[in-house]
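This note's numbering applies: residue 61 is where the sequence shown begins, and numbers increase by one.
Glycine included, C-beta positions come from ideal geometry on N, C-alpha and C.
Take a look at the structure set out below.
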Amino acid sequence: MTQMRSSADSSPTSNGDEWWRSSVIYQIYPRSFADSNGDGMGDLPGMTQRLDSLAALGVDAIWLSPFFASPQKDAGYDVSDYCDVDPLFGTLEDYDRLVARAHELGLRVIVDLVPNHCSDKHPWFQEALASDPGSPERDRFIFRDAPESGYPNNWDSVFGGPMWTQTTNPDGTPGQMYLHIFDSSQPDFNWHNEDVRAMFRDVLRFWLDRGTDGFRVDVAHGLIKAEGLPDFTPDPTAASMGGTEELAPWWGQDGVHEIYRDWRTVLDEYDGERVLCAEAWVNPLSLMAKWVRSDEMHQAFNFPYLSCGFDAAQIRYTIDESLREFAAVGAPSTWVLSNHDVVRHATRLALTDENPQGEGIGPKTPNLPDPAVGLRRARAASALMLALPGGAYIYQGEELGLPEVAELPDEARQDPTWFRTNGERYGRDGCRVPIPWEADSPAAGFSSTGASWLPQPEYWAGYARDAQQQDPGSTLNLYTALLALRREHALGAGALAWLESESEQVLMFSNSSVIMVANFSPEAQPLPERLRGSVQLASSAVQDAAGQVAAESTIWFTK
61 MTQMRSSADS SPTSNGDEWW RSSVIYQIYP RSFADSNGDG MGDLPGMTQR LDSLAALGVD
121 AIWLSPFFAS PQKDAGYDVS DYCDVDPLFG TLEDYDRLVA RAHELGLRVI VDLVPNHCSD
181 KHPWFQEALA SDPGSPERDR FIFRDAPESG YPNNWDSVFG GPMWTQTTNP DGTPGQMYLH
241 IFDSSQPDFN WHNEDVRAMF RDVLRFWLDR GTDGFRVDVA HGLIKAEGLP DFTPDPTAAS
301 MGGTEELAPW WGQDGVHEIY RDWRTVLDEY DGERVLCAEA WVNPLSLMAK WVRSDEMHQA
361 FNFPYLSCGF DAAQIRYTID ESLREFAAVG APSTWVLSNH DVVRHATRLA LTDENPQGEG
421 IGPKTPNLPD PAVGLRRARA ASALMLALPG GAYIYQGEEL GLPEVAELPD EARQDPTWFR
481 TNGERYGRDG CRVPIPWEAD SPAAGFSSTG ASWLPQPEYW AGYARDAQQQ DPGSTLNLYT
541 ALLALRREHA LGAGALAWLE SESEQVLMFS NSSVIMVANF SPEAQPLPER LRGSVQLASS
601 AVQDAAGQVA AESTIWFTK
């Protein structure tokens, strides 16, 4: 499985046709994808068994959320060993078999790396706790003396509560405090420390040597904190992960770019176009584009696009801004509608109330949307997204039209957000429910025993992959057709040109030999005469005989 490093010149190069510029990457949330041993937890062998379905769907690569050794306080984003597989998910040999099978099918494999923080069970943090203040072991993290009252600063954790936790000295007296952007079980590394930087270079090489094709970098904007750790009170309406014009002192500091330039030199030692993708919640897009300059990362998630509502003007503005700002640094734009941290877009696009990132929805959420409206809008939005030039990301289950599961009982919830806010925020469990494969199997085919780490709703079987394969109008078959046409017409490598429409609620553009028409109106809208009769696919019924595009739907035409 080891892949040799290339002896060729390792300086960054770009000829414009690299695979990642136009790729469609499918996110696998390991614990919720496929369970091979019946314990209710998805695993690596389960993924391997189901890879054929992703190859048939037509994606280019898979991205695996963390499967490293972990106490699982935050579903694997609390890592205790970066170079081993958690027994929940299998073994290193299972990973090697997954990579080998993926490559046989023409799929690349990207793993999720978590460099901002580790688990409090990581050996380094345990050594830090056992060492004295000011020791080299403590300098790998961010420790500060505790003031007489309060905390070293006023920073609040993304998961709720203070961003500081106090330690206890061996004699039982209160000790220093350590910083954690997220849960107290996830201490932040001190990225000014060379031990930390050297360790992560070794981690990169460990997985690259096993054939890994790249890394999605978790919280890529959080590694460096502002000098002096100054007090800061964020806008209460701002997303907790950032993304506002005013950067918090723990987000988006310039020092992160030096780290990723260093990482890029490591990846460029290897053949096969290995890639880095940033999860960087920063705004505006001109700032986000700094992460994908030619000597840093290859892609960055387009969170402003994900954050758009079902609104024609907002989406057009964001598309224009994205294409302009990413092109200015020679990078492709990426497009994404759902992931493991946000309400699924088959629900989110029909929400009428504010829903800040990470808060989730639940039984007490007001004005829960009509599922039919949500699915109709999701299909239209997906058909628009996959017509755009650049790279695209699909979150597992969105190709089935899965909605957010709002009705999870309180006792089943596992997201740290739920516990750290005493139930005030539901968190992200609703988008992480194990996905359905076979309508008539236990756990809808996720697990042979019917076990499921989060409970699946009774209606889940209606979304099962085997049932959708038999339905020509299913969301699965829509996605399969979209991806086939996207590849056939090379839309990912194309160029967008806006076309005039008769309504502000209708967006029209051409890309390669395809014309995309998206109607955001709740009413059918007229089609230009020249397009009638040349429909390639539609997200919902096409009223073409009447020369109209149906309400809240998208159509692809060929020129």
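- If you look at residue 477, you'll find it in the alpha helix (DSSP H) that goes 476-480.
- The beta carbons of residue 535 and residue 460 sit about 6 Å from each other, so the pair counts as a contact at 8 Å.
- Within a 10 Å sphere around the beta-carbon of residue 90 sit 16 or more other beta-carbons, which makes this residue buried.
- A Cβ-Cβ distance of about 7 Å is found for the pair residue 87 and residue 454, placing them in contact under the 8 Å criterion.
- Counting only runs of 3 or more residues that sit fully inside the segment 320-349, the beta strand (DSSP E) segments are 335-338, in chain order.
- A direct Cα-Cα distance of roughly 10 Å separates residue 371 from residue 566.
- Taking 8 Å as the upper bound for CB-CB distance, residue 405 and residue 441 are in contact here, some 6 Å apart.
- Burial is judged here by how many other beta carbons sit within 10 angstroms of a residue's own beta carbon; residue 343 has at least 16 and is buried.
- DSSP places residue 517 outside any alpha helix (DSSP H), giving it a letter other than H or E.
- A contact is defined here as three or more CB-CB pairs under 8 Å, and the segment 198-213 meets this definition with respect to the segment 224-240.
- In the structure shown, residue 494 falls within a coil segment according to DSSP collapsed to helix, strand and coil.
- Contact between the segment 525-534 and the segment 550-560 is absent, with fewer than three C-beta pairs closer than 8 Å.
- A straight-line Cα-Cα distance of about 24 Å links residue 298 and residue 245.
- Distance between residue 148 and residue 500, taken at the CA atoms: about 26 Å.
- When the beta-carbon positions are compared, residue 334 and residue 159 stay at least 8 Å from each other.
- With distances taken between CA atoms, residue 477 lies nearest to 216 out of 216, 393, 600.
- Within the same chain, 429 come within 6 Å of residue 411 by CB-CB distance, once the 5 residues on both sides are set aside.
- Positions of the beta strand (DSSP E) runs, each at least 3 residues long and wholly inside the segment 254-331, are given as 274-277 in order along the chain.
- Per DSSP, the beta bridge partners of residue 84 are 452.
- A distance of 8 Å or more separates the beta carbons of residue 387 and residue 360.
- Per the coordinates, the alpha-carbon of residue 586 lies some 44 Å from the alpha-carbon of residue 515.
- Residue pairing of residue 225 in beta bridges, as defined by DSSP: 238.
- Residue 302 is positioned such that its CB atom lies closer than 8 Å to that of residue 281.
- Excluding its 5 nearest sequence neighbours in each direction, residue 571 has C-beta neighbours in its own chain below 8 Å: 447, 448, 449, 549, 551, 554, 555, 556, 557, listed in chain order.
- With contacts defined by Cβ atoms closer than 8 Å, residue 184 and residue 200 form a contacting pair.
- In the same chain as residue 435, and ignoring 5 residues on each side of it, the C-beta atoms closer than 6 Å to its own belong to 406, 461, in chain order.
- The beta carbon of residue 390 sits closer than 6 Å to the beta carbons of 354 from its chain, once the five residues preceding and following it are set aside; these are given in chain order.
- Going by beta carbons, residue 611 and residue 542 fall outside the 8 Å limit.
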